[in-house]
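*Asks:* Residue numbers (full-length UniProt numbering): 1 to 368.
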Amino acid sequence: MNADEPNGAPLDLAQTRQRIDAIDREIQQLIGERAQWAQLVGKAKGELKAAVDYYRPEREAQVLRMVVDRNSGGLLSNEEMVRLFREIMSACLAQQEPLKIGFLGPEGTFSQQAVLKHFGHSIKGLPLATIDEVFQEVAAGNADFGVVPIENSSEGTVNSSLDLFVTSPLKICGEIELRVHQHLLSRSTRLEDIERVYSHPQSLGQCKAWLRANLPKAERIPVSSNAEAARRARNADDAAAIAGETAAHIYGLKVLGRQIEDRPDNTTRFFVIGRELFPPSGHDKTSLLMSVKDKPGALYELLTPFADQNLSMTKIESRPARTGKWEYVFFVEVEGHVDDARVSAAVAAASARAAEVKVLGSYPVALL
1 MNADEPNGAP
11 LDLAQTRQRI
21 DAIDREIQQL
31 IGERAQWAQL
41 VGKAKGELKA
51 AVDYYRPERE
61 AQVLRMVVDR
71 NSGGLLSNEE
81 MVRLFREIMS
91 ACLAQQEPLK
101 IGFLGPEGTF
111 SQQAVLKHFG
121 HSIKGLPLAT
131 IDEVFQEVAA
141 GNADFGVVPI
151 ENSSEGTVNS
161 SLDLFVTSPL
171 KICGEIELRV
181 HQHLLSRSTR
191 LEDIERVYSH
201 PQSLGQCKAW
211 LRANLPKAER
221 IPVSSNAEAA
231 RRARNADDAA
241 AIAGETAAHI
251 YGLKVLGRQI
261 EDRPDNTTRF
271 FVIGRELFPP
281 SGHDKTSLLM
291 SVKDKPGALY
301 ELLTPFADQN
311 LSMTKIESRP
321 ARTGKWEYVF
331 FVEVEGHVDD
341 ARVSAAVAAA
351 SARAAEVKVL
361 GSYPVALL
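See the structure below:
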């Protein structure tokens with residue numbers, strides 16, 4: 001396709017570059033103007049002290065949905081356009097102070113990738129040793145938000161994250177879906193040298209068929225994170241790690257096997273956790289923690305109000321309540337926000353029948 005002036009005359013290379021430079025100047029000017037208006041929004045909210053006071057996930061979700069709606073027929077994909085706008089919003093918010101985001105570290109984990117996908121790069125990442133520490137740092141106010149893995153499309157729920165919601169006062173403020181590519185990383189250049197493979201238990205599970213076919217005799221050693229696996233693998237030629245490509249760059253490892261996950265659609269879902277509930281964005285989910293009274297049909301009675309309100313239930317899972325033997329709590333997800341009339345009515349009706357109903361959070365549905 002020829003590059004043309006508005007009147008249809010063809011442009012030569014020099015003219016094309018001049019036009020690109022002019023567009024770049026206009027884009028830069030508009031980004032600067034957007035930052036000024038974002039600053040005025042902050043001032044309009046009054047005397048706020050921290051970046052977390054300015055951040056509104058429901059508004060951010062609405063803006064990004066409009067980006068996707070406007071991108072119909074564009075040359076750049078929806079994912080690329082959303083990523084660009086996410087970075088602009090991240091930089092504008094950081095004018096006040098960068099958000100502090102806790103995640104399962106060290107550097108190079110998929111949790112860190114999820115943080116950057118959701119919040120952009122103009123934040124201060126806080127790599128922490130365990131998921132429990134992420135909850136603790138957010139609850140204590142040392143982190144504004146945290147990002148924790150909650151489930152994988154092939155390996156299921158991350159129980160260590162789910163169980164913490166039983167006693168934590170924190171709320172779910174958002175969800176992130178991250179397409180996960182697993183790679184085999186090592187100091188060695190030869191697959192036959194590998195005798196030990198380190199990785200997070202979830203990643204070992206996501207790659208078990210590949211490991212069985214290609215490294216059947218190698219010992220599989222679970223560790224706290226994929227980045228920790230890469231850190232250990234860099235110390236020996238007979239060791240390897242399963243981790244993302246970012247970890248290879250950080251820890252100076254070679255990629256012996258690319259995309260070794262067993263399923264091509266391997267995706268991990270993360271929750272954004274914070275200290276408060278946020279208003280509806282227009283396309284939300286609500287997560288609930290419910291415990292039943294010990295009587296026949298109790299679970300049926302608990303779920304009936306949601307069916308009566310014609311609410312779609314996207315997830316239900318039981319976990320030990322840790323209050324007594326064979327006692328359980330149920331994690332339930334429904335479409336809609338707890339402030340929506342139908343969701344509010346269903347929660348109220350369920351609360352009247354249950355031993356406990358706890359709203360864990362209402363949050364925007366993951367965009368892409």
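Backbone N, C-alpha and C fix where the C-beta goes; we use that ideal spot for every residue, glycine too.
L162: buried (16+ other C-beta within 10 angstroms of its C-beta) or exposed?
*Replies:* Looking up residue 162 in the sequence shown gives position 162. When all chains shown are included, L162 counts as buried.
*Asks:* Would you mind stating whether R234 and G252 have Cβ atoms separated by less than 9 Å?
*Replies:* Start at 1 with the first residue of the sequence shown, and residue 234 comes out as number 234. Start at 1 with the first residue of the sequence shown, and residue 252 comes out as number 252. Cβ atoms of R234 and G252: closer than 9 Å.
*Asks:* Taking 6 Å as the limit between beta carbons, can you name the residues of its chain near F145, skipping five residues before and five after?
*Replies:* Your numbering for residue 145 matches position 145 in the sequence shown. Contacts found: I101, V272, G274.
*Asks:* Just to confirm, are S168 and H200 a CB contact at a threshold of 9 Å?
*Replies:* Against the sequence shown, residue 168 aligns to sequence position 168. Against the sequence shown, residue 200 aligns to sequence position 200. Cβ atoms of S168 and H200: not closer than 9 Å.
*Asks:* With DSSP run on the structure shown, which of helix, strand or coil describes R220?
*Replies:* As a working note, residue 220 is residue 220 in the sequence shown. Here R220 sits in strand by DSSP.
*Asks:* Between E151 and R263, is the Cβ-Cβ spacing less than 9 Å?
*Replies:* Position 151 of the sequence shown, counting from 1, holds the residue named residue 151. Position 263 of the sequence shown, counting from 1, holds the residue named residue 263. In this structure, E151 keeps its C-beta atom at 9 Å or more from the C-beta atom of R263.
*Asks:* Given this structure, state the Cα-to-Cα distance separating Y363 from A114, to the nearest angstrom.
*Replies:* Within the sequence shown, the letter at position 363 stands for residue 363. Within the sequence shown, the letter at position 114 stands for residue 114. Answer to the nearest angstrom: the Cα atoms are 16 Å apart.
*Asks:* Could you say which of V343, A35, L104, F278 lies nearest to A94 if we only look at CA atoms?
*Replies:* Indexing the sequence shown from 1 puts residue 94 at position 94. Answer by Cα proximity: A35.
*Asks:* Across which residues does DSSP place N152 in a beta bridge pair?
*Replies:* Numbered from its first residue, the sequence shown carries residue 152 at position 152. Paired residues: G156, T268.
*Asks:* Going straight from the alpha carbon of R17 to that of R25, what length do you get?
*Replies:* Your numbering for residue 17 matches position 17 in the sequence shown. Your numbering for residue 25 matches position 25 in the sequence shown. Looking at the two C-alpha atoms, the distance is approximately 12 Å.
*Asks:* Among the residues of its own chain, which have a CB less than 6 Å from the CB of A91, if the five just before and after it don't count?
*Replies:* Against the sequence shown, residue 91 aligns to sequence position 91. The residues are S122.
*Asks:* Is DSSP giving residue 372 helix, strand or coil here?
*Replies:* In the structure as shown, the chain starts at 1 and stops at 368, and residue 372 therefore has no counterpart that could be examined.
*Asks:* From this set, G282, R179, L13, which residue's C-alpha is nearest Q206's C-alpha?
*Replies:* For the purposes of this step, residue 206 is taken as residue 206 along the sequence shown, with counting starting at 1. Comparing Cα-Cα distances from Q206 to each of G282, R179, L13, the minimum goes to R179.
*Asks:* For the alpha helix (DSSP H) containing D69, list its first residue and its last residue.
*Replies:* Residue numbering aside, residue 69 sits at position 69 when the sequence shown is read from its first letter. From DSSP, the alpha helix (DSSP H) with D69 extends over 57-70.
*Asks:* Inspect the CB distances between the region 255-262 and the region 175-192 and report whether three or more fall short of 8 Å.
*Replies:* Touching, per the Cβ criterion.
*Asks:* Helix, strand or coil: which one does DSSP assign to M1?
*Replies:* Reading the sequence shown from its first residue, position 1 is the one you call residue 1. In this prediction, M1 scores a pLDDT of 42, lower than 50, which makes its location untrustworthy; the coordinate-derived value is nonetheless stated afterwards. It is coil, neither helix nor strand.
*Asks:* Identify which residue in I316, L40, K171 has its Cα closest to the Cα of E156.
*Replies:* Residue numbering aside, residue 156 sits at position 156 when the sequence shown is read from its first letter. In the sequence as presented, Glu is not what sits at residue 156; that position holds Gly. Nearest Cα to G156 within the set I316, L40, K171: I316.
*Asks:* Quick one: grab the DSSP three-state call for L211.
*Replies:* Counted from its first residue, the sequence shown places residue 211 at position 211. The answer is helix: DSSP assigns L211 an H, G or I state.
*Asks:* Report the three-state DSSP secondary structure of V365 (helix, strand or coil).
*Replies:* Position 365 of the sequence shown holds residue 365. Residue state, collapsed to three classes: coil.
*Asks:* Kindly indicate which three-state DSSP category S122 falls into: helix, strand or coil?
*Replies:* Along the sequence shown, read from residue 1 onward, the residue named residue 122 stands at position 122. If DSSP states are grouped into helix, strand and coil, S122 belongs with coil.
*Asks:* For N142, does the count of other Cβ atoms within 10 angstroms reach 16, so buried, or fall short, so exposed?
*Replies:* For the purposes of this step, residue 142 is taken as residue 142 along the sequence shown, with counting starting at 1. Per the 10 Å Cβ criterion, exposed.
*Asks:* What three-state label does DSSP hand D163 in the structure shown?
*Replies:* The sequence position of residue 163 within the sequence shown is 163, counting from 1. Note: D163 maps to helix in three-state DSSP.
*Asks:* Is it buried or exposed for residue 370, if we count other Cβ within 10 angstroms and need 16 for buried?
*Replies:* In the structure as shown, the chain starts at 1 and stops at 368, and residue 370 therefore has no counterpart that could be examined.
*Asks:* Classify E58 as buried or exposed, calling it buried when 16 or more other Cβ atoms lie within 10 Å of its own Cβ.
*Replies:* Position 58 of the sequence shown, counted from the first residue, corresponds to residue 58. Counting Cβ neighbours within 10 Å, E58 comes out buried, since at least 16 surround it.
*Asks:* Are the Cβ atoms of Y198 and A229 separated by less than 9 Å?
*Replies:* For the purposes of this step, residue 198 is identified with residue 198 of the sequence shown, where counting begins at 1. For the purposes of this step, residue 229 is identified with residue 229 of the sequence shown, where counting begins at 1. Contact: yes.
*Asks:* Considering Cα atoms alone, identify which of G244, A345, V329, G336 is closest to residue 371.
*Replies:* In this structure the chain extends from 1 to 368, so residue 371 is not present and cannot be described.
*Asks:* With DSSP as the reference, label I194 as helix, strand or coil.
*Replies:* To locate residue 194, count along the sequence shown from 1; it is residue 194. Coil at I194, not helix or strand.
*Asks:* With a floor of 4 residues, list each alpha helix (DSSP H) that falls wholly inside the region 327-363, ordered by position along the chain.
*Replies:* 341-353
*Asks:* Can you tell me whether T314 is buried or exposed? The criterion is at least 16 other CB atoms within 10 Å of its CB, across all chains shown.
*Replies:* If you number the sequence shown from 1, residue 314 lands on position 314. It counts as exposed.
*Asks:* Please report the distance separating the alpha-carbon of I176 from that of A236.
*Replies:* What you label residue 176 is simply residue 176 of the sequence shown in a count that begins at 1. What you label residue 236 is simply residue 236 of the sequence shown in a count that begins at 1. The alpha-carbon atoms of I176 and A236 are separated by roughly 35 Å.
*Asks:* Could you compute how far the alpha carbon of L128 sits from the alpha carbon of V52?
*Replies:* Working through the sequence shown from its first residue, we reach residue 128 at position 128. Working through the sequence shown from its first residue, we reach residue 52 at position 52. Straight-line Cα distance between these residues: approximately 20 Å.
*Asks:* Please confirm whether residue 389 and I131 have their CB atoms less than 9 Å apart.
*Replies:* One cannot answer for residue 389 here, as it falls past the ends of the chain, which runs 1 to 368.
*Asks:* For R86, name the three-state secondary structure that DSSP assigns.
*Replies:* Within the sequence shown, the letter at position 86 stands for residue 86. In this structure, R86 counts as helix in the three-state DSSP scheme.
*Asks:* Among residues of its own chain, excluding the 5 on either side of R220, which ones have a beta-carbon nearer than 7 Å to its beta-carbon?
*Replies:* In the sequence shown, counting from the first residue as 1, residue 220 sits at position 220. Non-local beta-carbon contacts of R220 in its own chain, meaning distances under 7 Å to residues more than five positions away in sequence, involve V197, L204, L211 in chain order.
*Asks:* Quick one: give me the first and last residue of the alpha helix (DSSP H) that F306 is part of.
*Replies:* The sequence position of residue 306 within the sequence shown is 306, counting from 1. That run of the alpha helix (DSSP H) goes 298-308.
*Asks:* Contact between the region 347-362 and the region 279-294: three or more CB pairs below 8 Å?
*Replies:* Counting Cβ pairs under 8 Å, three or more are found: they touch.
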